[in-house]
Amino acid sequence: RRQLEEALGAKGAEGIECLRVALEVAEDACLDVEELEPGWRLLRQLEAESMPLAFTDVPRDDMESLQTASSKDEAVQILMRCMKIALQDGFRSAILAEFHYHNFLFCQKKKWCAEKASTFLSLMRALHTRAIVEEQLGEDDARSALEDLIRRHSQQLPPFTLGALSAEEAIAVKDYAKKSFFRHYKMHAFVHSHRQDISVCVADAPAAPRVPDRAELHKAHEVDPLEVPELADLFASPEDAAAAPDGEIPAGGCIAR
837 RRQLEEALGA KGAEGIECLR VALEVAEDAC LDVEELEPGW RLLRQLEAES MPLAFTDVPR
897 DDMESLQTAS SKDEAVQILM RCMKIALQDG FRSAILAEFH YHNFLFCQKK KWCAEKASTF
957 LSLMRALHTR AIVEEQLGED DARSALEDLI RRHSQQLPPF TLGALSAEEA IAVKDYAKKS
1017 FFRHYKMHAF VHSHRQDISV CVADAPAAPR VPDRAELHKA HEVDPLEVPE LADLFASPED
1077 AAAAPDGEIP AGGCIAR
């Protein structure tokens, strides 16, 4: 148990083997599954982070098709499919498509083989995903993440690193990232952080007012029209109406015969 607790502090590819050995020893000691699960989860995470990126996003066949594409539209279509960019994302997908396409143009300019080009495209995709989409890193932390990715792919020290890129190519990658990705870093960060929450509710507001329910009429509601003051002028005699001052209704008028 103590060996496993110490191994849970493992970081990077160098800690993978120590963690794996500690987990195997813990299994032999019949530790509970609940105690082992954090270790296995960390091991899977470290292995995923340390896995070489060559041909992970852009397989060899797609990379060769990409290098022989006859137009920008054809190249962008292949890149969007390999990088799983959805058209429904709107301007985000357009920015990402341009991002990956310019990365591909850099590979073409350097005349890199399929392995180097695929590694570089996935390296830049991994950098963008971690720094912008997942962790929203500051620019300095993003540069450190790039350094780590380049180190993992420019030194031949298996199983910890795979030297797909030479030392000169690693320097070229850093310079390119500085002039492209990091030059527009704030734009990438803004695109993935700018958000507006819109709350929509439905209100029942018909154009015409609602017709009131029908009211019941009873005999008790009946009144004598002669007793209604507002109807007095209807029942006044012509003589009373003529004698009354203008604007006044004769009181106690009788029904005209």
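In terms of this note's numbering, the sequence shown opens at residue 837 and continues consecutively. Note that CB positions come from ideal geometry on N, CA and C, so glycine has one too.
Nonlocal neighbours in the same chain, by C-beta distance under 6 angstroms from residue i, ignoring five residues either side
i: Q903; result: none
i: S906; result: none
i: E975; result: Y1021
i: F935; result: none
Contact set for residue i: own chain, Cβ-Cβ below 7 angstroms, skip 5 residues either direction
i: S1029; result: Q972
i: L959; result: L889, L985, H989
i: E1075; result: none
i: M916; result: A933
i: V1027; result: R928, I931
i: T892; result: S958
i: I921; result: S929, L932, A933
i: A911; result: L902, A905, Y937, F940
Neighbourhood of residue i by C-beta, 8 angstroms cutoff - its chain only, sequence neighbours within 5 removed
i: F956; result: N939, F942, C943, W948, L1001, V1009
i: E900; result: A950
i: H1054; result: none
i: A962; result: L889, L985
Alpha-carbon spacing of residue i relative to residue j, whole angstroms
i: A1013; j: Q913; result: 23 angstroms
i: R928; j: C918; result: 16 angstroms
i: T965; j: D1040; result: 44 angstroms
i: P1061; j: S1035; result: 57 angstroms
i: Y937; j: E1004; result: 23 angstroms
i: P1065; j: C1037; result: 51 angstroms
i: R1052; j: A1044; result: One detail in the question is off: residue 1052 reads as Glu in this sequence, not Arg. Cα-Cα distance, rounded: 24 angstroms.
i: E1063; j: F1071; result: 11 angstroms
i: H1020; j: D897; result: 31 angstroms
i: S923; j: I968; result: In the sequence as presented, Ser is not what sits at residue 923; that position holds Leu. Roughly 19 angstroms separates the two Cα atoms.
i: P1048; j: L1067; result: 27 angstroms
i: K1015; j: G926; result: 25 angstroms
i: K945; j: K908; result: 15 angstroms
Whole-number beta carbon distance between residue j and residue i, since they are thought to touch under 8 angstroms
i: S1098; j: V861; result: Residue 1098 is absent from the structure shown; the chain starts at 837 and stops at 1093.
Any chain C beta carbon closer than 8 angstroms to residue i
i: D1069; result: Although the question refers to chain C, the structure presented lacks it and comprises just one protein chain.
Nearest residue (CA-CA) to residue i, options the options
i: L982; options: K952, F1017, E1066; result: F1017
i: A1006; options: D977, E870, K952, R1050; result: K952
- Item | Secondary structure, alpha helix (DSSP H): runs of 4+ residues fully inside the stretch 950-990 | 950-964, 975-988
- In chain order, which alpha helix (DSSP H) runs of at least 4 residues are fully inside the stretch 897-947? 908-918, 927-946
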